[in-house]
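One structure is given here, and the rest of the page talks about it.
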Amino acid sequence: MSSTIEALVAALRGRKVAVLTGAGVSTESGIPDYRSPDSLARARRPIQGPEFVRSAPLRRRYWARAMVGWEHFRLARPGRAHMALAQLEARGIVSRVITQNVDRLHRVAGSQDVIELHGALAEVICLDCGSLEDRDALQARMRTLNTGWLDGPTPIAPDGDAELPDDMVARFQVPDCLPCGGVLKPRVVFFGHNVERPIVERAYATVDEADVLLIAGTSLAVFSGYRFLVRAANRGIPIAIVNRGPVRGEERATLKIEASTGETLAALESALSTAA
């Protein structure tokens, strides 16, 4: 066992562990992030929530691209990090996973207690009546409205959509809400919108009830995730970080491992299983 894994095992053994994850745990599953070195080399402006709400052209562009990207996104499978955390939860080591990801891969891996800070692309909400629709059902409706539309393999983007030329976007027919004919939006928190307060409070409670906070695969560049590191630091509990690249607030951590989250968390789970 490497000295870094030994240090991580020592930090977590015998403690109730809250986990905060970000895009870095899903890159091994083929879902890109915004802030890895590779992603920064192909800078792309993320969807802005207020613009999505007020701009019909932006919604058309989003849904046209989302229809293309969805098949790739929905077929993504959990990676080693997801599986390791699910196993650690099953063994009573991880109390709950707080994730900034919208891919639902923690649940697919078997984690039972997951807080999805930013929602999940698997669900769609009507901005007018609040009705929910399954994303696969919406995909079927979009195919009916856009016969022959491309929804095969194409490079996926972090929002679960894909790059498309403007002339293709202009031809796309956007579906309406079935019950009321209103505007549809993926049930996720886009940039510029806030996480609902009850979700934030439940996540705070998770950190408050834990003995240690494990942060994996996130730079904590946005406040919605960073606040939980601050909460743990203010409580004085140990903070362990596994991430490639700088992490906001890492100077307040007890331990930081700069390595692959999948490899590191799989090694952690194996070491804790052996030690049990």
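Numbering of the sequence shown is given in the working numbering, commencing with residue 31 and proceeding in unit increments.
Even for Gly, the Cβ is constructed at its ideal location relative to N, Cα and C.
As the structure is a prediction and not an experimental result, all values here were calculated from the model.
DSSP state of residue i mapped onto helix, strand, coil
| i | result |
| --- | --- |
| ASP143 | coil |
| GLY149 | strand |
| PRO67 | Any answer about PRO67 is weak, because its pLDDT of 46 lies below 50 and its placement is not dependable; what the coordinates show is given next. Three-state result, PRO67: helix. |
| ASP339 | One cannot answer for residue 339 here, as it falls past the ends of the chain, which runs 31 to 306. |
| ALA246 | strand |
| ALA289 | coil |
| ILE155 | strand |
| ALA40 | helix |
| ARG72 | Below a pLDDT of 50, predicted positions are generally treated as unreliable, and ARG72, at 43, falls in that range; no measurement from the model is reported. |
| THR284 | coil |
| ALA270 | strand |
| PRO185 | Low per-residue confidence applies at PRO185: pLDDT is 48, beneath 50, and the placement is therefore not dependable enough to give any value. |
| GLY99 | helix |
| GLY275 | coil |
| PHE253 | helix |
| ARG261 | helix |
| SER85 | coil |
| ILE229 | helix |
| GLN117 | helix |
| VAL55 | helix |
| ILE35 | helix |
| LEU311 | Residue 311 lies beyond the residue range present for the chain, which begins at 31 and ends at 306; the question has no answer from this structure. |
Residue i vs residue j beta-carbon contact at 8 Å
| i | j | result |
| --- | --- | --- |
| PHE258 | ALA235 | no |
| PHE221 | GLY79 | yes |
| ARG173 | ILE145 | no |
| THR304 | VAL272 | no |
| GLY292 | GLU36 | no |
| PHE103 | LEU151 | yes |
| ILE229 | THR34 | no |
| LEU302 | ARG43 | yes |
| GLN142 | GLU299 | no |
| ARG217 | LEU175 | no |
| ALA106 | ILE77 | no |
| LYS215 | VAL252 | no |
| ARG274 | SER290 | yes |
| ALA297 | MET198 | no |
Residues bridged to residue i (per DSSP)
| i | result |
| --- | --- |
| PHE221 | GLN78 |
| THR177 | Bridge partners of THR177: none, in fact. |
| PRO216 | VAL154 |
| ILE128 | LEU50 and ILE145 |
Rounded distance between the beta-carbons of residue j and residue i, thought under 8 Å
| i | j | result |
| --- | --- | --- |
| VAL12 | SER249 | The displayed coordinates of the chain run from 31 to 306. Any statement about residue 12 would go beyond what the structure contains. |
| VAL49 | ALA246 | 7 Å |
| ALA41 | THR284 | 6 Å |
| VAL98 | ALA240 | Rounded, the Cβ-Cβ distance is 40 Å, inconsistent with contact. |
| HIS112 | HIS148 | Incorrect: roughly 17 Å between the Cβ atoms, too far for contact. |
For residue i, the nearest candidate out of the options (CA to CA)
| i | options | result |
| --- | --- | --- |
| ILE267 | VAL83, GLU288, ASN273 and ARG282 | ARG282 |
| GLU280 | SER290, GLY292, GLU81 and ALA262 | ALA262 |
| TYR92 | THR34, PRO205 and ASP133 | PRO205 |
| GLU81 | SER161, ALA167 and VAL219 | VAL219 |
| GLY109 | GLY140, GLY122 and GLY99 | GLY140 |
| VAL124 | ALA170, ASN264 and LEU115 | LEU115 |
| ASP133 | ASP63, GLY160, LYS286 and GLY44 | ASP63 |
| CYS210 | GLU101, LEU243, SER254 and CYS156 | CYS156 |
| GLN203 | ASP238, GLY44, ARG89 and ARG227 | ARG89 |
| LEU38 | VAL242, VAL252, SER254 and GLY255 | VAL242 |
| LEU208 | ARG171, GLU101 and VAL225 | ARG171 |
| SER101 | ASP166, ARG265, THR177 and GLY178 | For the sequence presented, residue 101 should be read as Glu rather than Ser. The shortest C-alpha separation from GLU101 is found at ASP166. |
| VAL83 | ARG227, ARG265 and HIS223 | HIS223 |
| ILE128 | TYR256, SER85 and ASN264 | TYR256 |
| SER55 | GLU231, ALA94 and GLN130 | Per the sequence shown, the amino acid found at residue 55 is Val instead of Ser. Nearest of GLU231, ALA94 and GLN130 to VAL55, Cα basis: GLN130. |
Residue i Cβ short of 7 Å to the ligand ZN heavy atom set
| i | result |
| --- | --- |
| LEU208 | No copy of the ligand ZN appears in this structure; indeed no ligand is present at all. |
Cβ of residue i within 8 Å of any chain B Cβ
| i | result |
| --- | --- |
| LEU151 | Among the protein chains of the structure shown there is no chain B, as only one such chain exists. |
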